[in-house]
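Data first, discussion second: the structure below is written as C-alpha cells.
There are 2 protein chains.
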Amino acid sequence: MRVDARQNRDRVLAAAREEFAAHGAGASLNKIAQRAGVGPGTLYRHFASVQDLLVAIIAADVDTLAATGRDLLAHPDPADALRIWLRAVAVHATSMRGLVATELLTAGTDSALAACHEQIRETGAALLDRTGNPDHIDVTDLLTVVNGIAWAHERLPADPARLDRLLGLLSSKVGR
Amino acid sequence: MRVDARQNRDRVLAAAREEFAAHGAGASLNKIAQRAGVGPGTLYRHFASVQDLLVAIIAADVDTLAATGRDLLAHPDPADALRIWLRAVAVHATSMRGLVATELLTAGTDSALAACHEQIRETGAALLDRTGNPDHIDVTDLLTVVNGIAWAHERLPADPARLDRLLGLLSSKVGR
DNA sequence: GTAATATACGGAGAGGTTCTCCGGAAATGC
DNA sequence: GCATTTCCGGAGAACCTCTCCGTATATTAC
Numbered sequence: 040m041r042v043d044a045r046q047n048r049d050r051v052l053a054a055a056r057e058e059f060a061a062h063g064a065g066a067s068l069n070k071i072a073q074r075a076g077v078g079p080g081t082l083y084r085h086f087a088s089v090q091d092l093l094v095a096i097i098a099a100d101v102d103t104l105a106a107t108g109r110d111l112l113a114h115p116d117p118a119d120a121l122r123i124w125l126r127a128v129a130v131h132a133t134s135m136r137g138l139v140a141t142e143l144l145t146a147g148t149d150s151a152l153a154a155c156h157e158q159i160r161e162t163g164a165a166l167l168d169r170t171g172n173p174d175h176i177d178v179t180d181l182l183t184v185v186n187g188i189a190w191a192h193e194r195l196p197a198d199p200a201r202l203d204r205l206l207g208l209l210s211s212k213v214g215r
Numbered sequence: 040m041r042v043d044a045r046q047n048r049d050r051v052l053a054a055a056r057e058e059f060a061a062h063g064a065g066a067s068l069n070k071i072a073q074r075a076g077v078g079p080g081t082l083y084r085h086f087a088s089v090q091d092l093l094v095a096i097i098a099a100d101v102d103t104l105a106a107t108g109r110d111l112l113a114h115p116d117p118a119d120a121l122r123i124w125l126r127a128v129a130v131h132a133t134s135m136r137g138l139v140a141t142e143l144l145t146a147g148t149d150s151a152l153a154a155c156h157e158q159i160r161e162t163g164a165a166l167l168d169r170t171g172n173p174d175h176i177d178v179t180d181l182l183t184v185v186n187g188i189a190w191a192h193e194r195l196p197a198d199p200a201r202l203d204r205l206l207g208l209l210s211s212k213v214g215r
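Line by line, the protein sequences are chains E and L. Quick note: the first sequence uses the numbering used here, first residue 40, plus one each step. Quick note: the second sequence uses the numbering used here, first residue 40, plus one each step.
What follows is the structure, given as C-alpha cells:
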C-alpha cells in the first residue's frame, strides 16, 4: 500500500472515531471526509460502507478485551473474573452512542466482524467454563444480554452507577 | 378537526406502521407519505417529527400493556405475574426493528411519550411491590434491562426461544 | 342553495445526505 | 529521468428531510 494511501486511511479512521463519538449513528460520512481532509471518494475507496469503518475502529479494542480476558483466567475467583470481564465488555460496548453495541451484536456477512465475535465469544466461554457454569448458561446469550444492557445504559442520561446496577440484575451466578 | 384531515391522519399512521415494520429507523418519511397517498407537507403538518409519529403509534399498545398489568395484579403468584408481564413488555418492545425499544427508553421532552413511560413504570412498580421486592430492585432499572434485552433479541436472526432464555438470565427473583 | 370563511392539501424547492465515476496528480519501479 | 501503477478529489446523480404558499375543499352563515 502506498504510504500516502495509508496516511489517508489513518486520518480517516481518526476522524471517524471523533465523529462517531460525537454523533453516533447520525454521523455524516461527508463530515468525516472533510475533517480528515480528504475527498468523499477517498473515504469510500478505503471503506466501502459505514460498517467497514466501524469494524476497523472496533477491531483494535476487541484485541485488548481478549487480552484482558486471558489475564483474568489467572484470577483466584472464577466468578469474580467473569463479572469483571463482562463489565469490561459492557464498558467497551458503551461507546460511540450505541454504535459499537449495535455492531457487535449484528453478525452480518463481514468476515472481520465475525472474527471479532469469535474472539470475544471464546474468551467469554473460557471464563464461563472456569466457573463451572452450573446453570448451563449459553455464552452467546450472556454476551447478548450484556450488549443489550450496555446499549440501554448508554442511551439514557449519564448515570455512572447505573451500569453496575443493571449488570447486577443478571442471574446471581454471573451478576452478583 | 375536518373529516378529511382525520382520514389523512389515519392513513398516514397506517402507512407508517407498515413502513417502520419493514425498514425500522431507515424508513423514509417520503415513502410513508407516498404510501398514504398524501403530500409530504400533509405528513409534516400532522406529525412534526418522526418521533411524534412513533409515539402516536406506540401509545395504543402501551394502554394494552398497562391493562394486562392490572389484570396480572390478581394473579395468584406475584413473582409469576411479574415475569409474565415483563415478557409482554419485551414482546411489545420487539417490534419495528428496534424503534419501539429505542423510543421507550429515551425519555426526551415529548409529553405524550413521558406519559407512556409513567404508565409502564407505575404498572411495573405495582407488580414488583407485590413480590415483596426483597432485593430492592429499582423498577426503572428492571425495565431498562428488559428493553435492552428486547432490543438485542430483535437485532439478531430470529430465534423464538431466545427471548425466554435471555429473560431467564435476569436475577432469579424476577427471571426464573 | 349560495356566499364567505376557515382549514387542509400537495407539490415545488432548498439544503442536506450517500455514494459513484473518472480525469488528473503523485508515488513507485526501472 | 521516465513509464507505469496507484491514488486522489471533486463534480454530480439520486435520494432524503422539511418548509412555504397558492390552491382546493370542507364547513358555516345566511
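Even for Gly, the Cβ is constructed at its ideal location relative to N, Cα and C.
Answer yes or no: does any C-beta atom of chain E fall closer than 7 Å to that of residue i?
| i | result |
| --- | --- |
| Thr170 (chain L) | no |
| Ala151 (chain L) | no |
| Asn186 (chain L) | yes |
| Ser67 (chain L) | no |
| Leu205 (chain L) | yes |
| Thr183 (chain L) | yes |
Determine the extent of the alpha helix (DSSP H) in which residue i is found, giving its start and end residues.
| i | result |
| --- | --- |
| His62 (chain L) | 42-62 |
| Ile188 (chain L) | 178-194 |
| His85 (chain L) | 79-85 |
| Ser210 (chain E) | Per DSSP, Ser210 (chain E) belongs to no alpha helix (DSSP H) and is neither H nor E. |
| His131 (chain E) | 117-132 |
| Asp149 (chain L) | Segment: none, Asp149 (chain L) is in no alpha helix (DSSP H) and carries neither H nor E. |
| Leu112 (chain L) | Looking at the DSSP string, Leu112 (chain L) is not in any alpha helix (DSSP H), and its letter there is neither H nor E. |
| Asn172 (chain E) | Premise fails: Asn172 (chain E) is in no alpha helix (DSSP H) and is neither H nor E. |
| Arg74 (chain L) | 68-75 |
| Ala140 (chain L) | 138-144 |
Residues of chain L with CB under 8 Å from residue i, in chain order?
| i | result |
| --- | --- |
| Thr133 (chain E) | The contacting residues do not exist; Thr133 (chain E) stays about 11 Å from chain L at best. |
| Arg36 (chain E) | The structure shown does not extend to residue 36 (chain E), since chain E is modelled only from 40 to 215, so the question has no answer here. |
| Asp177 (chain E) | Arg204 |
Residue i versus chain L: which residues are under 9 Å apart at the beta carbon?
| i | result |
| --- | --- |
| Trp124 (chain E) | By Cβ distance, chain L contributes nothing, its closest Cβ being about 16 Å from Trp124 (chain E), past 9 Å. |
State yes or no: is the beta carbon of residue i nearer than 7 Å to at least one beta carbon in chain L?
| i | result |
| --- | --- |
| Ser210 (chain E) | yes |
| Asp180 (chain E) | yes |
| Leu138 (chain E) | no |
| Ala191 (chain E) | yes |
So with CB distances below 7 Å, who are the chain L contacts of residue i?
| i | result |
| --- | --- |
| Gly214 (chain E) | Ser210 |
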